[in-house]
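Structure record follows, encoded as structure tokens.
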Amino acid sequence: EPEVTQTPSHQVTQMGQEVILRCVPISNHLYFYWYRQILGQKVEFLVSFYNNEISEKSEIFDDQFSVERPDGSNFTLKIRSTKLEDSAMYFCASRGNGYNEQFFGPGTRLTVL
Amino acid sequence: LAKTTQPISMDSYEGQEVNITCSHNNIATNDYITWYQQFPSQGPRFIIQGYKTKVTNEVASLFIPADRKSSTLSLPRVSLSDTAVYYCLVGDARPMYSGGGADGLTFGKGTHLIIQP
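Chains A and B are the protein sequences, given in the same order.
The working numbering numbers the first residue of the first sequence as 75 and each following residue consecutively.
The working numbering numbers the first residue of the second sequence as 5 and each following residue consecutively.
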């Protein structure tokens with residue numbers, strides 16, 4: 075069964091450093107998403123991406139965040155200058171055209187020290 | 005977005021049928037009801053989606069009354085592995101079928117279902 079993969083599974087970084095979280099969506103999917111979940115809290119939508127541009131973003135997704143699809147398979151989330159409060163689990167998801175189900179990856183746990 | 009209300013937690017036993025009810029009094033005409041499941045340290049997983057009446061798939065059933073102000077997720081004969089958080093989401097499904105991608109999901113706190121032996 076096809077699945078969304080994410081790397082790394084755990085990233086530890088110092089405050090102020092840049093991090094790039096990587097995702098490989100399901101190969102024939104066209105819609106891509108990033109969510110985050112702070113420990114013990116609910117899953118929060120960050121951004122959706124379609125046709126090589128951002129479709130929708132939440133207020134969490136400020137200028138410190140950016141997304142990119144650098145090639146035909148990867149989808150990345152960059153945080154330019156990490157803050158302590160960016161520590162969370164980050165989930166990538168993808169969806170096929172005309173389907174109603176978003177497939178989530180296993181997540182990257184980001185720890186900012 | 006329609007606000008959803010569901011129990012914070014529920015307990016049941018292996019082999020039982022579990023019903024989790026979600027209230028969504030302000031549901032809009034174009035809104036669909038979707039349920040996701042999340043295990044600890046994993047991403048959410050789609051379970052089922054419906055608009056009205058009853059929907060059934062290989063893992064669950066979704067019951068939606070005529071007024072659509074609530075819905076009930078039914079899990080038949082649960083096992084220990086069904087212990088998870090279950091989220092009820094209500095939102096406009098039109099972007100999913102017409103393109104655009106403006107369909108970021110809004111998760112609430114969910115229902116923590118604990119299945120005991």
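Ideal Cβ positions, reconstructed from N, Cα and C, are used throughout, including at glycine.
query: Enclosing beta strand (DSSP E) for B/Thr-8 [first to last residue]; result: Note, B/Thr-8: premise wrong, no beta strand (DSSP E); not H, not E.
query: Ranges of the beta strand (DSSP E) found wholly within the region 125 to 182 of chain A, counting only runs of at least 3; result: 127 to 131, 139 to 142, 149 to 153, 162 to 169
query: Beta carbon proximity, A/Lys-116 to chain B, threshold 7 Å; result: yes
query: Min CB distance A/Asn-174 to chain B below 7 Å; result: yes
query: Local Cβ density within 10 Å of A/Asp-145, reported as buried at 16 or more and exposed below that; result: exposed
query: Contacting residues, own chain, Cβ-Cβ under 6 Å from B/Tyr-91 (five flanking each side not counted); result: Tyr-40, Phe-111, Gly-114
query: For B/Pro-121 and B/Thr-87, the rounded distance between their alpha carbons; result: 11 Å
query: Contacts that A/Phe-16 makes with chain B (C-beta to C-beta distance below 9 Å); result: A question about residue 16 of chain A goes unanswered here, because the residues of chain A that appear run from 75 up to 187.
query: Uninterrupted beta strand (DSSP E) stretches inside the region 26 to 95 of chain B (no shorter than 3 residues); result: 35 to 42, 49 to 54, 57 to 60, 65 to 68, 74 to 79
query: Whole-number beta carbon distance between A/Val-78 and A/Phe-178, since they are thought to touch under 8 Å; result: 6 Å
query: Proximity of B/Ser-45 and B/His-116 at Cβ, strictly below 7 Å; result: no
query: Near-chain A residues of the region 48 to 81 of chain B (beta-carbon distance less than 8 Å), N- to C-terminal order; result: Pro-48, Arg-49, Phe-50, Gln-53
query: Which listed residue (A/Phe-123, A/Gln-176, A/Leu-151) has its alpha carbon closest to that of A/Val-93; result: A/Leu-151
query: B/Gln-20 vs B/Val-82 beta-carbon contact at 7 Å; result: yes
query: Neighbouring residues, chain B, relative to A/Gly-181 (Cβ below 9 Å); result: Ser-45, Gln-46, Gly-47
query: A/Ser-147, buried or exposed, once every other Cβ within 10 Å from all chains shown has been counted against 16; result: exposed
query: C-alpha gap between B/Asp-15 and B/Leu-84, whole angstroms; result: 11 Å
query: Cβ of A/Ser-161 within 7 Å of any chain B Cβ; result: no
query: Proximity of B/Ile-31 and B/Val-89 at Cβ, strictly below 7 Å; result: no
query: Residues that DSSP places opposite B/Ile-24 in a beta bridge; result: B/Leu-77
query: Residue of A/Gly-170, A/Tyr-164, A/Leu-120, A/Val-141 minimising C-alpha distance to A/Arg-154; result: A/Val-141
query: 7 Å Cβ cutoff met for A/Phe-149 and A/Arg-143; result: yes
query: Nearest residue (CA-CA) to B/Lys-73, options B/Gly-54, B/Glu-18, B/Ser-27; result: B/Ser-27
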